[in-house]
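Read top to bottom, the protein sequences are chains A and B. So in my numbering, spot 63 of the first sequence is number 63, and the numbers just go up one at a time. So in my numbering, spot 179 of the second sequence is number 309, and the numbers just go up one at a time. Every residue gets a Cβ at the ideal spot worked out from N, C-alpha and C, and that includes glycine. All figures in this text were calculated on a predicted structure; none of them were measured in a lab. Let me begin by presenting the structure, written as structure tokens, before commenting on it.
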Amino acid sequence: MTVNPFTINVKALQVVVDTNGKEKGNGPFPGDDVLYTFGLYTSSTFTKSAGSAMFTCYYGFDKSAICDTYFDLGRGLVLASGQVPFGSSRFTLGVSGGTTKYLGARGELRVAPGANNALRLDLVLLGVTK
Amino acid sequence: MTRALAGARPLIIGIALLALSVTPNWAGASTNVRQLTVYARATQFQYVSHADDRIRGDQTNPFSLDAPLPPPQKGDGSAPAPGDNALFTFKLYSDRKLKKSVGSAAYSCTFNFAKQALCEADFALNDGTMIADGPAAFNTAQFTLAVVSGTGHYLSVRGQVTSASEVAQNVYRLEFLLTSLG
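Given below as structure tokens:
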């Protein structure tokens with residue numbers, strides 16, 4: 001791509017080329033993307049549903065992805081995005097906004113391993129009424 | 131190349147709510163929430179299918195999950211399939227008769243599952259821009275995105291925008307509810 005809005009000196013850039021040609025063992029590579037859906041629950045017993053979540057992640061360099069997510073919590077949506085390293089089980093996303101009950105929300109989403117092969121999400125919200 | 135993994139892996143969610151002094155009051159009238167209505171008329175549309183690369187992406191990828199998952203969705207034979215893109219542009223007007231132009235909008239949507247997409251929208255109004263993100267179900271006539279940022283008059287704005295179909299074909303009413311507006 002010799003024409004782009006970011007630099008006029010493309011030749012000075014390092015061009016990433018998949019010389020191995022195999023994703024397994026070498027990937028993910030820049031430009032790869034992955035989509036995930038999740039069921040959300042209020043506890044690790046998975047008895048009470050709290051909604052659903054959708055992750056759309058695009059990989060950049062060094063096997064690190066930028067993920068855009070939204071959480072449908074029943075009373076509205078919460079949106080978050082940020083960097084997620086490949087294979088990492090702990091990461092934090094920034095809350096960028098929300099709808100309905102979560103209108104104007106800001107904050108962060110902390111993700112860590114949870115019980116019963118699940119992930120634990122701690123959603124800290126600012127600018128939201130109870 | 132686009133890959134899609136459908137999953138039902140459970141997550142546990144904990145919510146901590148910290149109310150600020152300036153917060154929207156959804157239930158009642160609030161001076162902190164402002165409403166803006168514009169009308170959008172679709173001008174361009176481009177659908178991008180990744181079907182030509184889907185098999186390679188599904189079968190040769192480094193993503194292995196540690197929990198049993200349902201098989202990746204291939205789509206039901208009709209578009210859209212997970213990972214496909216849809217691009218739209220709109221002209222924006224301040225009146226229902228589409229006489230007074232106030233700007234333009236562009237939507238970039240990436241489909242995930244069940245014909246739902248994650249859309250990023252840019253609203254270029256005469257006095258600034260707003261960026262909105264969120265899910266849009268393509269089998270319904272109404273959806274709501276979260277307004278996450280802005281420029282100019284809409285600097286640091288937050289809020290939401292609800293898009294609903296008008297009677298006229300390709301015309302949509304956009305209802306903005308905005309907070310943090312100067």
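Is P210(B) close to chain A, meaning its C-beta is less than 7 Å from at least one C-beta of that chain? In the second sequence, the residue the question calls residue 210(B) occupies position 80. So, not an interface residue.
Between which two residues does the beta strand (DSSP E) holding Y70(A) run? Position 70 of the first sequence, counting from 1, holds the residue named residue 70(A). Per DSSP, Y70(A) belongs to the beta strand (DSSP E) from 64 to 72.
Counting only Cβ pairs nearer than 8 Å, list the residues of chain A close to G282(B). The residue given as residue 282(B) occupies position 152 in the second sequence. The premise fails here: G282(B) is roughly 18 Å from chain A at the closest Cβ pair, so nothing lies under 8 Å.
Name the chain A residues whose beta carbon is nearer than 7 Å to that of F243(B)? For the purposes of this step, residue 243(B) is taken as residue 113 along the second sequence, with counting starting at 1. What F243(B) touches in chain A: T37.
I need the straight-line Cα distance from D183(B) to G282(B), nearest angstrom please. For the purposes of this step, residue 183(B) is taken as the residue at position 53 of the second sequence. For the purposes of this step, residue 282(B) is taken as the residue at position 152 of the second sequence. The alpha-carbon separation between D183(B) and G282(B) amounts to approximately 41 Å.
Less than 7 Å between the beta carbons of F273(B) and A266(B), yes or no? If you number the second sequence from 1, residue 273(B) lands on position 143. If you number the second sequence from 1, residue 266(B) lands on position 136. Taking 7 Å as the Cβ cut-off, F273(B) and A266(B) qualify as a contacting pair.
How would you list, in chain order, the residues of chain B whose beta-carbon sits under 8 Å from the beta-carbon of S96(A)? What you label residue 96(A) is simply residue 96 of the first sequence in a count that begins at 1. Taking the beta carbon of S96(A) as reference, the chain B residues within 8 Å of it are D263, A276, V278, S279, listed in sequence order.
Report yes if the CB atom of N269(B) is closer than 7 Å to the CB atom of G233(B), and no otherwise. Residue mapping note: residue 269(B) aligns to position 139 of the second sequence, counting from 1. Residue mapping note: residue 233(B) aligns to position 103 of the second sequence, counting from 1. No; because the gap between Cβ atoms is not below 7 Å, this pair is not in contact.
Which ranges does the beta strand (DSSP E) cover as unbroken runs of at least 3 residues, wholly within the stretch 248 to 286 of chain B, from first to last along the chain? If we require 3 residues or more, the beta strand (DSSP E) runs fully inside the stretch 248 to 286 of chain B come out as 258 to 267, 272 to 280.
For chain E, check one thing: does any of its Cβ atoms lie closer than 7 Å to the Cβ of L109(A)? Chain labels in this structure do not include chain E; the protein chains are A and B.
What is the C-beta distance between Y223(B) and Y169(B), in whole angstroms, given that I count them as a contact (C-beta under 8 Å)? Locating residue 223(B) in the second sequence gives position 93, counting from the first residue. Locating residue 169(B) in the second sequence gives position 39, counting from the first residue. The pair is a contact, with the Cβ atoms about 5 Å apart (cut-off 8 Å).
Helix, strand or coil: which one does DSSP assign to D33(A)? The residue given as residue 33(A) occupies position 33 in the first sequence. If DSSP states are grouped into helix, strand and coil, D33(A) belongs with the strands.
Are the Cβ atoms of Q176(B) and T219(B) separated by less than 7 Å? On the second sequence, position 46 is the one that residue 176(B) refers to. On the second sequence, position 89 is the one that residue 219(B) refers to. In this structure, Q176(B) keeps its C-beta atom at 7 Å or more from the C-beta atom of T219(B).
When the cut-off is 7 Å and only beta carbons count, does R288(B) lie next to chain A? Within the second sequence, the letter at position 158 stands for residue 288(B). Put simply, the CB of R288(B) is near chain A, with a gap under 7 Å to one of its CB atoms.
Comparing alpha-carbon positions, which option in N4(A), L77(A), L35(A) lies nearest K101(A)? Stepping through the first sequence from its first residue, residue 101(A) is reached at position 101. The alpha carbon of K101(A) has as its nearest neighbour, out of N4(A), L77(A), L35(A), the alpha carbon of L77(A).
In this structure, does DSSP put G187(B) in helix, strand or coil? Start at 1 with the first residue of the second sequence, and residue 187(B) comes out as number 57. DSSP places G187(B) in the helix class (H, G or I) of the three-state scheme.
Within the same chain, show all residues whose beta-carbon is closer than 8 Å to that of S151(B), passing over the 5 residues directly before and after it, in chain order. For this step, residue 151(B) is matched to residue 21 along the second sequence. Legend: pLDDT at S151(B) = 28, less than 50; position of this residue unreliable, value from coordinates given subsequently. Sequence-distant Cβ neighbours of S151(B) in its own chain, meaning closer than 8 Å and more than five residues away, do not exist here.
G117(B) touches chain A at which residues, Cβ-Cβ below 8 Å? No information on residue 117(B) is available, as it lies outside the stretch 131 to 312 that chain B covers here.
Cβ-based contacts, 7 Å cut-off: residues of the stretch 294 to 307 of chain B near chain A: Using a CB distance below 7 Å, the part of the stretch 294 to 307 of chain B facing chain A consists of L307, ordered along the chain.
Is any beta-carbon of chain B found at less than 7 Å from that of Y70(A)? Position 70 of the first sequence, counted from the start, is the residue given in the question as residue 70(A). Yes, Y70(A) counts as interfacial toward chain B.
For the beta strand (DSSP E) that contains D133(A), what are its first and last residues? Outside the shown range of chain A, which is 1 to 130, sits residue 133(A), and nothing can be said about it.
Grab me the residues of D225(B)'s own chain with a C-beta within less than 8 Å of its C-beta, minus the 5 sequence neighbours each way, in chain order. What you label residue 225(B) is simply residue 95 of the second sequence in a count that begins at 1. Taking C-beta separations shorter than 8 Å and ignoring five residues to either side along the sequence, the partners of D225(B) in its chain run Y169, following chain order.
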